Amino acid sequence: MRSARSIPVKRSGRPRRAVTSAAAALLLVGAGVLGTAAPASALYGEADIRPVESNLAAGHWVEATAGSGESTAALAIDQDPDTAWSATESGPGQWLQLDLGGAYDNVRKVHVTFPDPGAVYQYVVEASPDGEQWQVIADRSATDTPGLGGVDLFTQPGTRYVRVTVTSASPGAAVGVSELKVFNYLRDDLVLGADLSWMDNNQDRDYWVHPQEEDRGAGPFLLDVMQDRGLEYTRLRVFNEPRSEFSGDPNAIPYQGPERTLTSARWVTERGLGLGIDFHYADSWADPGKQPKPRAWAELEFDELTEAMYDYTYDYLSRLVAQGTVPDKVAVGNEIANGFMWGSEAAEAPNTEAVHAGANPPYFRDQPEIYQSQPGGGILWQYRASEDPDEYQLYLDSWDRFTTLLASGIAAVRDASPETEVELHSVVGRISGMDKAGEYWDQLVTRLNAKGQDFDVLGLSYYPEWHGTPEQMEFNLHTLAATYPQYELEIAETSYPATGGGTQPNSPFPRTVQGQADAIQHVFQMVNDVVDNRGVGALTWEPASFQAMFRSVPGMSDTFEPYASIDVYNQSRATHVLEDTVYSAVRSGGTPVLPGSVKVLTTADGSVASVPVEWEDVPPGATGTAGRITVSGTTEHGEVVAVVDVVDEYASVECDTVVSGTRFGPLSVESGTTCLGDGARVFGPVNVAEGAGLAADGARITGPVSAAGADVVVLCDTRVLGPVSLTGGSSVTLGNPRTDCAPSRVTGPVRVTDTTGWNVIAGNEVFGPLSCTGNAPAPVNNGATNEVLGPKTGQCAGL
268 MRSARSIPVK RSGRPRRAVT SAAAALLLVG AGVLGTAAPA SALYGEADIR PVESNLAAGH
328 WVEATAGSGE STAALAIDQD PDTAWSATES GPGQWLQLDL GGAYDNVRKV HVTFPDPGAV
388 YQYVVEASPD GEQWQVIADR SATDTPGLGG VDLFTQPGTR YVRVTVTSAS PGAAVGVSEL
448 KVFNYLRDDL VLGADLSWMD NNQDRDYWVH PQEEDRGAGP FLLDVMQDRG LEYTRLRVFN
508 EPRSEFSGDP NAIPYQGPER TLTSARWVTE RGLGLGIDFH YADSWADPGK QPKPRAWAEL
568 EFDELTEAMY DYTYDYLSRL VAQGTVPDKV AVGNEIANGF MWGSEAAEAP NTEAVHAGAN
628 PPYFRDQPEI YQSQPGGGIL WQYRASEDPD EYQLYLDSWD RFTTLLASGI AAVRDASPET
688 EVELHSVVGR ISGMDKAGEY WDQLVTRLNA KGQDFDVLGL SYYPEWHGTP EQMEFNLHTL
748 AATYPQYELE IAETSYPATG GGTQPNSPFP RTVQGQADAI QHVFQMVNDV VDNRGVGALT
808 WEPASFQAMF RSVPGMSDTF EPYASIDVYN QSRATHVLED TVYSAVRSGG TPVLPGSVKV
868 LTTADGSVAS VPVEWEDVPP GATGTAGRIT VSGTTEHGEV VAVVDVVDEY ASVECDTVVS
928 GTRFGPLSVE SGTTCLGDGA RVFGPVNVAE GAGLAADGAR ITGPVSAAGA DVVVLCDTRV
988 LGPVSLTGGS SVTLGNPRTD CAPSRVTGPV RVTDTTGWNV IAGNEVFGPL SCTGNAPAPV
1048 NNGATNEVLG PKTGQCAGL
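In the working numbering, the protein residues as written are 268 to 1066.
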């Protein structure tokens, strides 16, 4: 068994159309978020793939506020456990609130930690869609043991706000929150798909899940292998008349042309997978650096080009509909950040970013009399900031042409297949960033709307070598989501290599099978975390061919098998969420008490149940000195960890004045906290004023003790010869075995009324009546019955 580890103590949208797969059972593994393990040993390489779990509180778009101590609220979400939000008011009910920036439907876990490991914190966690209507998702207001925090599980679709209210805390505790984490999980309606257009080209290849085993699993068709591993959706691109990028001559076999893509579409839909169509409006590759017109349209005047685009789009979609392959989504153009169907604007402005000479396919450059003979839809970005009115007008005119063509294509989709969503697919450059992208989407949306058209899905490509770090991409997604709340967002293309060593530029992930899985899952997470559930999907690009998730099997001709990373499709969603961390505290030399079970949430129905834990042994001497130990445990749903803080003493009241020895006469505590030390004796009445405090441990008081509106009153191992009357205070402790506050003996009546916070009366001897009324919450004895020579009445009747 592993031993406990010692650590020094440090203190203070729209739902998608359902697409199902015959083999879409989610087989999940992991600790905290998990399901049934999938046998992955036969897949090539190794990858530990666990369900995606995302701490939304770490997002740059999340804001923290507080009832008091507002200036420190952000420290509770800074991912540093050594900093904390600190309440500046001492009364009960101090709260910290997170605004997640928008609603989330699959937040399932909240993890709260507090500043003082030796204190007892009582608190309530609530969730709200609007900051007005609140639902309690965890009630720990009856906690009676010291510990640094807790993990709570819940299901509350539409959660935007999460609030932690500290209802009370043991005397001397630092009231605040060190870290508040709110965990999001992949939604069921988040589409995990791929562009598999090249399956048309590679029909002579065999793909098997386990090609070298007797039972080879799904195959030999690529689409069957992908579906078996959890793929839900396939995008197919369409070239108008497939041609060589170099010569411009028609390809001998028109791969990914209109006719062959109709066949591919049937393969997709007959398997129950979602279908996307990506119109390139070109005869060869279209991306930000090359957007040639189709040869058949190259010499059309602009009005004719606009009409041809409508007719082609309408007719092709009508054919798809007629054969029963209605697309879920259609992209009008591919990566159209610089426009599309470039034409004579290239000749007018040969250095434009849209049509610079080094990027276009050779036939576009070599045959300008054809491809640059008429205006097209290229954006003349180089004139964007020009102070020359004529040049700036060229920029505006290029935008008008581009959006006129777009509007024509969108209208055709709406007319031919009204239930199909329209996507516009662009990029945000690593260097130009949101400055150019902001202008792009502002011009595009404004002009399309003016032309009476709009779209549904804003799609982006993400390859770190071209589009920046994951943090940059996450920022871009949330900026667009905030600016254009009317659109869904999708990562329309992404990929990451499984081989090569090192990392891709701008990426932290190694080029290994594990790194590939981690990089792709991070993209899934980014899309899923877009506010208001508006991230609708993430598609890998050509996983069998580009930065592949497959390898060629040695010794087997034209046979391919998937890397273990392929299971990101079927292992990224959680079937269960586990209470994976528990907290406790123990005095030096003591024995930690760990729970016999923890909670587990089933995501399918939101039910929460208890599951037994088997803990490893705590090594002898592990609690001998102050510090922190962790103890590992196992459940049928994964691993848990117990964080045990070893303290020399539990949280105690900070003294402003200390009384020791013997004092004759009355003691009036007007302000601050006065402590009566061990052996202190007071002969006379003790009175505690409003806002002041008294703490006595091992003292003797001959006379009455009274307090009205006191901040804190603590009597541990103290003998009082006289009545005790405490009213209107915010913290009362008369004995508490859970925090080593030994019981006291009172000769006289004890009356506790109208306390509004911490209230423990435990194990005491009272020679007289014990009466409690109006306290909120009611006092508790934490399992230590008070011996009372007289009646117990009111809220103390059961103590």
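Think of the CB as a built atom: it goes at the ideal place given N, C-alpha and C, for glycine as much as any other residue. Since this is a predicted model, take the numbers as computed values, not measurements.
Taking a 10 Å sphere around the C-beta of Asp495, we find 16 or more other C-beta atoms and assign the residue as buried. In the three-state scheme derived from DSSP, where H, G and I count as helix and E and B as strand, Gln402 is classed as strand.
For Gly705, the uninterrupted alpha helix (DSSP H) segment begins and ends at 700-717. Arg472 carries a coil assignment under DSSP once its states are collapsed to helix, strand and coil.
Residue range 525-536 is occupied by the alpha helix (DSSP H) that includes Pro525. A Cβ-Cβ separation of about 13 Å leaves Thr890 out of contact with Val910 under the 8 Å criterion. Under the 8 Å Cβ criterion, the region 696-703 does not count as touching the region 711-725, having fewer than three qualifying pairs. Contact between Gly1035 and Pro1010 does not hold, since their C-beta atoms are separated by about 15 Å, which reaches or exceeds 8 Å. Under the DSSP definition of a beta bridge, Val925 partners with Cys942. For the region 968-998, the full-length beta strand (DSSP E) segments reaching 3 residues or more read 972-975, 979-983, 986-988, 991-994 along the chain.
The beta carbon of Tyr388 lies closer than 6 Å to those of Phe381, Ala436 in the same chain, with the five residues before and after it left out. Relative to Gln710, the option among Ile316, Val458, Leu673, Pro685 whose CA is nearest is Leu673. In terms of Cβ geometry, Val794 and Leu744 form a close pair [threshold 9 Å]. In this structure, Tyr638 sits away from Ala553, with a CB-CB distance that is not shorter than 9 Å. Annotation for Pro886: no beta strand (DSSP E) segment contains it, and DSSP assigns it neither H nor E. Residue pairing by DSSP puts Ile758 in a beta bridge opposite Leu727, Ala805. DSSP places Glu688 inside the beta strand (DSSP E), whose first and last residues are 688-693.
Lys560 has its alpha-carbon roughly 51 Å from the corresponding atom of Ser395. Spatial neighbours of Thr969 in its own chain (CB-CB distance under 6 Å, excluding positions within 5 residues in sequence) are listed in chain order as Phe950, Leu988.
Less than 9 Å separates the beta-carbon of Thr807 from that of Glu760. Among the bridge pairs identified by DSSP, Asp366 is matched with Glu330, Tyr428.
Under the DSSP definition of a beta bridge, Cys1039 partners with Val1019, Gly1061. The region 418-466 is shown to contain no whole alpha helix (DSSP H) run of 4 or more residues. DSSP, read as helix, strand or coil, puts Leu542 in strand. The region 468-484 makes no contact with the region 354-361; the number of CB pairs closer than 8 Å stays below 3.
In the displayed model, His843 falls within a strand according to three-state DSSP.
Between Val329 and Leu367, the C-beta spacing is below 9 Å. Counting C-beta atoms within 10 angstroms of its own C-beta, Glu337 has fewer than 16 neighbours from the protein chains shown and is therefore classed as exposed. Within a 10 Å sphere around the beta-carbon of Thr858 sit fewer than 16 other beta-carbons, which makes this residue exposed.
In its chain, beyond the 5 residues on either side, no residue has a beta carbon closer than 6 Å to the beta carbon of Thr750. Using a 10 angstroms sphere on the CB of Ile603, the tally of other CB atoms reaches 16 or more, which defines it as buried. Non-local C-beta neighbours of Tyr662 in its own chain, meaning closer than 6 Å and more than five positions away in sequence, comprise Leu647, Tyr650, Arg651, ordered along the chain. For Lys376, the pairing in a beta bridge is given by DSSP as Leu420, Phe450.
Taken through DSSP and simplified to helix, strand or coil, Tyr388 comes out as strand. With a cutoff of 9 Å on beta-carbon distance, Gln720 and Arg668 are scored as not near each other.
In this structure, Val588 sits away from Ala679, with a CB-CB distance that is not shorter than 9 Å.
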